[in-house]
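Everything on this sheet refers to the single structure shown next.
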Amino acid sequence: MTDTPDILCIGSVLWDVIGRAPSHMEKGADVPGRIIRLPGGVALNIAMTLARFGMRPALLSAVGRDPEGNELLAQCRGFGLETLHVYRSEDLPTDRYMAVEGANGLIAAIADAHSLEAAGAKILRPLRSGALGEKDAPYAGPIAIDGNLTERLLEEIAHDPSLAAADLRIAPASPGKAERLLPFLRAGRGTLYVNLEEAGILCQTRFDRAEDAARMLCERGAARALVTDGSNMAADATSEECITADPPRVLVTRVTGAGDTFMAAHIATEARGAARADALTRALAAAAQYVSGETPS
């Protein structure tokens, strides 16, 4: 791997613990299924997908100096990811995410990203120390950012001189953390990747169509907004125009990580010079392939 990565992925790098059942589930359900543990986190999911698309991502995150953290980073390197710049803490444990999925989608999830939040701006040191960039020579490539970072740190990133030349691509970690993306609306920076619910939270309203949501996000200050709505039409808007596309129809077997796959596929496709319409179509196809189970976890 060369010293200069193609893209930086800033945010959560953790262990996913996911229970999946083939049956429809309601609150209090107790059903047979499978429980798996695998590397996850929004930033890591995006990085792994970018690597599958031929890019060379580097991770900026916080991982504990515990056995779980050592195993996690070893697997990351096995995926072709650069882990040299990950902040390793002696007193913070490696983060975890737990989710339960049924045939009717995500039932519940808990993200324990307290170590990432506690590390704060320490994860950005390589961008300020000269390792990847500094104030007088800012990093000028693409950066994928996830909403597991605190709003204070995201506000700092939106205005940081060491990131002034970067192409920021931002996604919330979940609807519950969507409001953390508000600093980028206020700063008028970056490309936002959100679903219809998250767009509604950011705009303090409800939307029936992705197109309307993407347009309003740009009216609220977003430089660019991509909005997905499951199997319904998706949209990509700037202040000048909005394009739309329908995702392929597939049988859904999983949902956790679908948004990350969409975002990574879109970034990788545009990095190869694809036009906006082509990038949107190909990203939707990649996400559909993922939720159908055709793409490995």
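Numbering follows the UniProt record's numbering, with no gaps: position 14 of the sequence shown is 14.
Don't be surprised by glycine CBs; every beta carbon is placed ideally from N, CA and C.
(request) Determine the direct distance from the alpha carbon of LYS122 to that of ARG206, and round the result to whole angstroms. (result) For ARG206 and LYS122, the distance between alpha carbons rounds to 37 Å.
(message) Please determine whether the Cβ atom of MET263 lies at a distance below 8 Å from any heavy atom of the ligand MN.
(response) What this structure holds is no ligand at all, so the ligand MN is not there to describe.
(message) Does the contact criterion of 3 or more C-beta pairs under 8 Å hold for the region 68 to 85 versus the region 3 to 14?
(response) The region 3 to 14 and the region 68 to 85 touch, with three or more beta-carbon pairs separated by less than 8 Å.
(message) Which same chain residues end up closer than 6 Å to THR2 when comparing Cβ atoms and leaving out the 5 residues on each side of it in sequence?
(response) Note on THR2: pLDDT 45, under 50, position unreliable in the model; no value is reported.
(message) Helix, strand or coil for GLY259? Go by DSSP, reduced to three states.
(response) DSSP places GLY259 in helix when its eight states are reduced to three.
(request) Can you tell me which of PRO57, ARG169, GLU155 and ALA166 puts its alpha carbon nearest to the alpha carbon of GLU179? (result) For the residues PRO57, ARG169, GLU155 and ALA166, the minimum Cα distance to GLU179 belongs to GLU155.
(message) Let me confirm a value: VAL194 is counted as buried when at least 16 other C-beta atoms fall within 10 Å, else exposed. Which label applies?
(response) Flag for VAL194 reads buried.
(request) Note down the Cα distance separating GLU134 from ARG128, rounded to an integer number of angstroms. (result) Straight through space, the alpha carbons of ARG128 and GLU134 are spaced by roughly 4 Å.
(request) Identify every run of the alpha helix (DSSP H) within the region 124 to 174, keeping only runs that are complete inside it and at least 4 residues long; order them along the chain. (result) Listed in chain order, the complete alpha helix (DSSP H) runs (minimum 4 residues) inside the region 124 to 174 are 125 to 128 and 151 to 159.
(message) Which runs of the alpha helix (DSSP H) at least 4 residues long sit entirely within the region 51 to 79? Give them in chain order.
(response) Correct list: 67 to 78.
(message) With three or more C-beta pairs closer than 8 Å as the rule, is the region 248 to 256 touching the region 94 to 112?
(response) With a cut-off of 8 Å, the region 248 to 256 and the region 94 to 112 count as touching, because enough Cβ pairs lie within range.
(request) For GLY200, count neighbouring C-beta atoms within 10 Å of its own C-beta (all shown protein chains included) and say buried if the count is 16 or more, exposed if not. (result) Label assigned to GLY200: buried.
(message) Using C-beta distances below 7 Å, list every residue in its chain close to GLU117, excluding the 5 sequence neighbours before and after it, in chain order.
(response) Excluding residues within five positions, the ones whose Cβ falls inside 7 Å are THR150.
(request) Give the DSSP bridge partners of residue 358, in chain order. (result) The question about residue 358 has no answer, for the chain in this structure spans 1 to 297.
(message) Counting C-beta neighbours from all protein chains within 10 Å, is the total for ASN232 16 or more, i.e. buried, or is it exposed?
(response) By the beta-carbon neighbour count (other beta carbons within 10 angstroms, threshold 16), ASN232 is exposed.
(message) Whole angstroms are fine: how far does the CA of ALA279 sit from the CA of ASP212?
(response) Near 20 Å, if we compare the C-alpha coordinates of ALA279 and ASP212.
(request) Please determine, among GLY33, SER292, ILE267 and GLU294, the residue with the shortest C-alpha to C-alpha distance to ARG282. (result) Measuring from the Cα of ARG282, the nearest candidate turns out to be ILE267.
(request) Ignoring anything shorter than 3 residues or poking outside the region 166 to 218, list the beta strand (DSSP E) runs there in chain order. (result) Listed in chain order, the complete beta strand (DSSP E) runs (minimum 3 residues) inside the region 166 to 218 are 167 to 171 and 191 to 195.
(message) Just to confirm the assignment, what range does the alpha helix (DSSP H) spanning SER115 have?
(response) Looking at the DSSP string, the run of the alpha helix (DSSP H) that includes SER115 is 114 to 119.
(message) Please report the straight-line C-alpha distance between MET98 and ALA171, rounded to a whole angstrom.
(response) Each residue's Cα considered, the two are about 19 Å apart.
(request) Could you name the residues of the same chain whose beta carbon sits closer than 6 Å to that of PHE184, not counting the 5 residues immediately before and after it, in chain order? (result) Excluding residues up to 5 positions away in sequence, ALA158, ILE170 and GLY190 lie with their Cβ nearer than 6 Å to the Cβ of PHE184 in the same chain.
(request) Within 10 angstroms of the Cβ of ILE7, are there 16 or more other Cβ atoms? Answer buried if so, exposed if not. (result) Per the 10 Å Cβ criterion, buried.
(message) In this structure, how does DSSP classify MET48 when only helix, strand and coil are distinguished?
(response) Assigned with DSSP and collapsed to three states, MET48 falls in helix.
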